[in-house]
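Student: Note that the protein sequences, when read in sequence, are chains F and V.
Here this note's numbering is used: the first residue of the first sequence is 87, the next is one more, and so on.
Here this note's numbering is used: the first residue of the second sequence is 87, the next is one more, and so on.
2 protein chains.
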Amino acid sequence: MKKTYLLTPGPTPIPDSVLSALGKQVVHHRTPAFQSIFEEVKNGLKYIYQTRQDVLVLSCSGTGAMEAAVSNILQQNDKIITINAGKFGERWTKITKAYKLNPVEIKVELGEAPSVNKLEEIIKSNTDAKAILFQASETSTGVRLPTKEICKAAKAAGMLSICDAITACGVFDLPMDEWDIDVLISGSQKALMIPPGLASISLSEKAWVASEHCDIPHFYFDLPKERKLQAKNQTAWTPAISLLIGLQESLRIIKEEGLHSVFKRHELLARATRNAVQSIGLELFAQESPSPAVTAVKVPSSIKEGKKLPTLMRDKYGVTIAGGQDELEGKIIRLSHIGYCDKFDITTAIASLELALNELGHKTEYGKGVGAALQTFAEG
Amino acid sequence: MKKTYLLTPGPTPIPDSVLSALGKQVVHHRTPAFQSIFEEVKNGLKYIYQTRQDVLVLSCSGTGAMEAAVSNILQQNDKIITINAGKFGERWTKITKAYKLNPVEIKVELGEAPSVNKLEEIIKSNTDAKAILFQASETSTGVRLPTKEICKAAKAAGMLSICDAITACGVFDLPMDEWDIDVLISGSQKALMIPPGLASISLSEKAWVASEHCDIPHFYFDLPKERKLQAKNQTAWTPAISLLIGLQESLRIIKEEGLHSVFKRHELLARATRNAVQSIGLELFAQESPSPAVTAVKVPSSIKEGKKLPTLMRDKYGVTIAGGQDELEGKIIRLSHIGYCDKFDITTAIASLELALNELGHKTEYGKGVGAALQTFAEG
Chain F
87 MKKTYLLTPG PTPIPDSVLS ALGKQVVHHR TPAFQSIFEE VKNGLKYIYQ
137 TRQDVLVLSC SGTGAMEAAV SNILQQNDKI ITINAGKFGE RWTKITKAYK
187 LNPVEIKVEL GEAPSVNKLE EIIKSNTDAK AILFQASETS TGVRLPTKEI
237 CKAAKAAGML SICDAITACG VFDLPMDEWD IDVLISGSQK ALMIPPGLAS
287 ISLSEKAWVA SEHCDIPHFY FDLPKERKLQ AKNQTAWTPA ISLLIGLQES
337 LRIIKEEGLH SVFKRHELLA RATRNAVQSI GLELFAQESP SPAVTAVKVP
387 SSIKEGKKLP TLMRDKYGVT IAGGQDELEG KIIRLSHIGY CDKFDITTAI
437 ASLELALNEL GHKTEYGKGV GAALQTFAEG
Chain V
87 MKKTYLLTPG PTPIPDSVLS ALGKQVVHHR TPAFQSIFEE VKNGLKYIYQ
137 TRQDVLVLSC SGTGAMEAAV SNILQQNDKI ITINAGKFGE RWTKITKAYK
187 LNPVEIKVEL GEAPSVNKLE EIIKSNTDAK AILFQASETS TGVRLPTKEI
237 CKAAKAAGML SICDAITACG VFDLPMDEWD IDVLISGSQK ALMIPPGLAS
287 ISLSEKAWVA SEHCDIPHFY FDLPKERKLQ AKNQTAWTPA ISLLIGLQES
337 LRIIKEEGLH SVFKRHELLA RATRNAVQSI GLELFAQESP SPAVTAVKVP
387 SSIKEGKKLP TLMRDKYGVT IAGGQDELEG KIIRLSHIGY CDKFDITTAI
437 ASLELALNEL GHKTEYGKGV GAALQTFAEG
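1) Can you find a CB in chain V that lies within less than 8 Å of the CB of residue 111/F?
2) I want to verify the contact list: residues of chain F whose CB lies under 9 Å from the CB of residue 186/V, in sequence order.
3) Could you check if residue 346/V is buried or exposed, using at least 16 other CB atoms within 10 Å of its CB as the buried criterion?
4) Could you please tell me which residues of the stretch 372-400 of chain F, in chain order, have their CB closer than 9 Å to any CB of chain V?
5) Quick check: residue 97/F and residue 114/V, are their CB atoms within less than 8 Å of each other?
6) Hey, how far is the Cα of residue 294/F from the Cα of residue 375/V?
7) Given that a residue counts as buried once 16 or more other Cβ atoms are within 10 Å of its Cβ, and exposed if not, what is residue 203/F?
8) Any beta carbon of chain F sitting closer than 8 Å to that of residue 413/V?
9) Beta-carbon within less than 8 Å of residue 213/F's beta-carbon, same chain only, minus the 5 sequence neighbours each way: which residues are those?
10) Since residue 417/F is in the beta strand (DSSP E), which residue starts that stretch and which ends it?
11) With C-beta atoms as the reference, is residue 145/V less than 8 Å away from residue 147/F?
12) Per the DSSP calculation, residue 221/F is bridged to which residue(s)?
13) Which full runs of the alpha helix (DSSP H) of 4+ residues lie inside the stretch 362-419 of chain F, going along the chain?
14) Touching or not, the stretch 363-375 of chain F and the stretch 121-132 of chain F, by the rule of three or more beta carbon pairs under 8 Å?
15) Of all the options 211/F, 256/F, 289/F and 207/F, which has the alpha carbon lying nearest to the alpha carbon of residue 235/F?
16) Pull up the distance between the alpha-carbon of residue 290/F and that of residue 451/V, whole angstroms please.
17) In chain F, which residues lie with their C-beta within 9 Å of the C-beta of residue 323/V?
18) Could you round the C-beta distance between residue 417/V and residue 392/V to whole angstroms and report it? I think they count as a contact, below 8 Å.
19) Give the range of the alpha helix (DSSP H) segment to which residue 424/F is assigned.
20) Using DSSP bridges, identify the partner residues of residue 319/F.
21) Taking 6 Å as the limit between beta carbons, can you name the residues of its chain near residue 357/V, skipping five residues before and five after?
22) Please classify residue 430/F: is it buried, with 16 or more other beta-carbons within 10 angstroms of its beta-carbon, or exposed?
23) Grouping DSSP H, G and I as helix and E and B as strand, with all else coil, what is residue 104/V?
24) According to the neighbour-count rule (16 or more other Cβ atoms, all chains shown, within 10 Å of its Cβ), is residue 466/F buried or exposed?
25) Answer yes or no: does any C-beta atom of chain B fall closer than 8 Å to that of residue 225/V?
26) Since residue 105/F meets chain V, which of its residues come closer than 8 Å, beta carbon to beta carbon?
27) Using a Cβ cut-off of 7 Å, which residues of the stretch 264-295 of chain F contact any Cβ in chain V, in chain order?
28) Starting from residue 142/F, trace the alpha helix (DSSP H) in both directions and tell me its first and last residue.
29) For residue 285/F, count neighbouring C-beta atoms within 10 Å of its own C-beta (all shown protein chains included) and say buried if the count is 16 or more, exposed if not.
30) With DSSP collapsed to three states, give me the class of residue 171/V.
31) Taking contact to mean at least 3 C-beta pairs separated by less than 8 Å, is the stretch 101-121 of chain F in contact with the stretch 89-104 of chain V?
32) Quick check on residue 388/V: buried or exposed, where buried means 16 or more other Cβ atoms within 10 Å of its Cβ?
33) Should the stretch 213-229 of chain V be regarded as contacting the stretch 155-171 of chain V, the criterion being three or more beta carbon pairs within less than 8 Å?
34) Mind the definition here: the stretch 118-125 of chain F touches the stretch 249-267 of chain F only if three or more C-beta pairs lie below 8 Å; say whether that holds.
35) In angstroms with no decimal places, state the Cα-to-Cα distance between residue 160/V and residue 153/V.
36) If we call anything under 8 Å between Cβ atoms a contact, is residue 372/V one with residue 233/V?
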């Protein structure tokens, strides 16, 4: 008998009542029963996005919604700025290149966030760029980016701000309307606590106006068409119905806890995780601007084969966390605290980390990390 | 208390054991546990497609896979033939136009299939077309198209055959390799008996060679990238994991029944449905070439507001069937017998149809339609 625990930055664990909803017979997507579910989902997403705009649901992964933003709002040969603070920032560059835009890529040292001063400077010296594309939270490095400041500077320069908040929306505060975020994107398997397969996207009035001049061919991802149909609680194509039924339930859970309580919980869990790993001599990978979504931690140099650490935690102790990707493989581990996650998920993760570290030769005092997490919780 | 029944051509009902699988916690998509599920799903899909080629899974609706075929295999300005025998054939024309191809659209009278002679003639007089795009079963009219003959003629003319089999694959025999189908596409919410949100696509060697010359921009739908990764039981982007876990179970069910037994069941259910509706004086909409997936039936002229018939069946009797779409709205009803459907689903559908017809003023002898279905079953 081995219980399993999921602490990866997507997919995230699913609450029981959502699992029950996911295991229901589906309803047909052109019936009043579906329309009533869709109506509730739409309103729930507007609550999460903190917007008066429509939030559109797409049946795809988050990457599909990133593509939809590019292929529906921008134009070929547009100059745009992409912030590459890791794998997902790099994806903006790849998507925009695939669609023949001209990205000016701002590459940031891995584990760091670009400073507000640097960003303002970049925006000021590229005022001919039509948009700036970035992540609110760069999942590959555990870094939080200064979304509010980026959007403010972009607005002042007459530029669109396009924010991938796939692992950020519903994790920490990103009030779309208040911060003038022109395009906000999320995915289903993060703070929304359902399996992957749905993404969502919302556009400001300015972004909708830009979309009228779009010359990039697209068909499946057709935001104006979705806007028109979703206003009537329909979708352009057959949607992932069971995921929408699950989302209806998970949005109810979020609403009951209250969005700002959810944010506070994520902040506390992240702080406890950071305190725990530091108390046992580990170093944070994102020092200056750690994300409340995921804590990236350097594998100690005493462990030569860094990949073994998350594998041992998963295979021996049943605790699945994420390792590093691409050039960070074997160099960092990533502990997520997104969504259906509470205090004892963190202590479990830290407990299994303590066991695995000692087993791989990095000696720590058992319980010290867990103790630091508990201390953080006790202080609130 | 009102029980509900789903007899629409997608979504289709989901078996209990599949519902249980759908309601499980997801596993992370970069773990051995996921890879073992994916390996089994891949092999199950090859069995359904009857191919030695890779069958790729995409997280989207069937329309996404149709787009993927166009944007990964063809080139801008390519001349291609589309067979428009209804709403889904028309979709091929729309997608190819969106990507700046030159479709020669062959429009067929609604409810009819193009004759093999006519098709051969069209193909012979358009040998400069690179591909012919069509449906194996046109769901909007309930017509089955002559896939084998189309692919044979296309091959002889050096043309690629691209077949949307979203409501056909796993319903009736479409042996991809034996019939030289170059591209075969399916969806999850039809014969595969899981909710919508996944599509699949397989390419012949000839289609893969063509894809090397593709000049259409694309990113989310990247078939060569998916081919490379899915060979290692990974996917390009986070997949709809819970649907894959459900698909593993539904493919087991299909394998246990045996693919050709599944085909025979669909044939029998379709025949019983046709006999039942004709026995109570209704007329088939697809006379010459009815599909074993869905039976389209003309609303009798005595019922002036045709839309009322499926609405009454759904709202009063809990039986959801499909009406006609677009210009066929109010003119036909469509009874599906795809997937998790057996004899008493058909008798239930016919029974509720008899009640609703009489209620709307089209008098029939109660039980006559059900009797004709039972007679068909008794004869096997």
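Even glycine gets a Cβ: it sits at the ideal position worked out from N, Cα and C.
Note that this is a predicted model, so its numbers are computed, not measured.
Tutor: Checking against the coordinates, here is how it stands:
1) Locating residue 111/F in the first sequence gives position 25, counting from the first residue. Cβ-Cβ to chain V under 8 Å: yes for residue 111/F.
2) Here residue 186/V corresponds to residue number 100 of the second sequence, with the count starting at 1. 303, listed in chain order.
3) Residue 346/V sits at position 260 when you count from the first residue of the second sequence. Under this definition residue 346/V is an exposed residue.
4) 400
5) Locating residue 97/F in the first sequence gives position 11, counting from the first residue. Locating residue 114/V in the second sequence gives position 28, counting from the first residue. Cβ distance < 8 Å, so residue 97/F and residue 114/V count as in contact.
6) One-based indexing of the first sequence puts residue 294/F at position 208. One-based indexing of the second sequence puts residue 375/V at position 289. Approximately 45 Å, taken between the alpha carbons.
7) Numbered from 1 along the first sequence, position 117 holds the residue referred to as residue 203/F. Exposed, since its Cβ has fewer than 16 Cβ neighbours within 10 Å.
8) As a working mapping, residue 413/V is identified with position 327 in the second sequence. By this cut-off, residue 413/V is not an interface position.
9) Here residue 213/F refers to the residue found at position 127 of the first sequence. Contacts found: 243, 244 and 245.
10) Residue mapping note: residue 417/F aligns to position 331 of the first sequence, counting from 1. Element bounds for residue 417/F: n/a, residue is neither H nor E.
11) To locate residue 145/V, count along the second sequence from 1; it is residue 59. To locate residue 147/F, count along the first sequence from 1; it is residue 61. Their beta carbons are under 8 Å apart, which means residue 145/V touches residue 147/F by this criterion.
12) Residue 221/F sits at position 135 when you count from the first residue of the first sequence. For residue 221/F, which the question treats as bridged, DSSP gives the partners 250/F.
13) 394-403
14) no
15) Translated into positions along the first sequence, residue 235/F becomes position 149. When only C-alpha atoms are compared, the closest one is 207/F.
16) Taking the first residue of the first sequence as 1, we reach residue 290/F at position 204. Taking the first residue of the second sequence as 1, we reach residue 451/V at position 365. Going from the Cα of residue 290/F to the Cα of residue 451/V covers about 59 Å.
17) Taking the first residue of the second sequence as position 1, residue 323/V is located at position 237. Those are 146, 147, 148, 149, 150 and 282, listed as they occur along chain F.
18) Mapped onto the second sequence, residue 417/V falls at position 331. Mapped onto the second sequence, residue 392/V falls at position 306. Correct: roughly 6 Å between the Cβ atoms.
19) Locating residue 424/F in the first sequence gives position 338, counting from the first residue. It is not in any alpha helix (DSSP H) - residue 424/F carries neither H nor E in the DSSP assignment.
20) Within the first sequence, numbered from 1, the residue matching residue 319/F stands at position 233. According to DSSP, which records beta bridges pairwise, residue 319/F is partnered with nothing at all.
21) Against the second sequence, residue 357/V aligns to sequence position 271. Counting only Cβ-Cβ distances below 6 Å, and skipping sequence neighbours, we find 462.
22) For this step, residue 430/F is matched to residue 344 along the first sequence. It counts as exposed.
23) The residue you call residue 104/V lines up with position 18 of the second sequence. Here residue 104/V sits in helix by DSSP.
24) Working through the first sequence from its first residue, we reach residue 466/F at position 380. Classification of residue 466/F: exposed, given that the 10 Å Cβ count is below 16.
25) Judged by its chain identifiers, the structure shown contains no chain B, and its protein chains are F and V.
26) As a position in the first sequence, residue 105/F is number 19, starting the count at 1. Near residue 105/F (Cβ distances below 8 Å), the residues of chain V are 109, 110 and 111.
27) 275, 281, 282 and 283
28) Position 56 of the first sequence, counted from the first residue, corresponds to residue 142/F. It is not in any alpha helix (DSSP H) - residue 142/F instead sits in the beta strand (DSSP E) that spans 141-144.
29) Indexing the first sequence from 1 puts residue 285/F at position 199. Buried.
30) In the second sequence, counting from the first residue as 1, residue 171/V sits at position 85. Here residue 171/V sits in coil by DSSP.
31) yes
32) By 1-based counting over the second sequence, the position of residue 388/V is 302. When all chains shown are included, residue 388/V counts as exposed.
33) yes
34) no
35) What you label residue 160/V is simply residue 74 of the second sequence in a count that begins at 1. What you label residue 153/V is simply residue 67 of the second sequence in a count that begins at 1. Their backbone Cα atoms lie some 11 Å apart in a straight line.
36) Here residue 372/V refers to the residue found at position 286 when the second sequence is read from its first residue. Here residue 233/V refers to the residue found at position 147 when the second sequence is read from its first residue. No, the pair does not count as a contact, with Cβ atoms beyond the cut-off.
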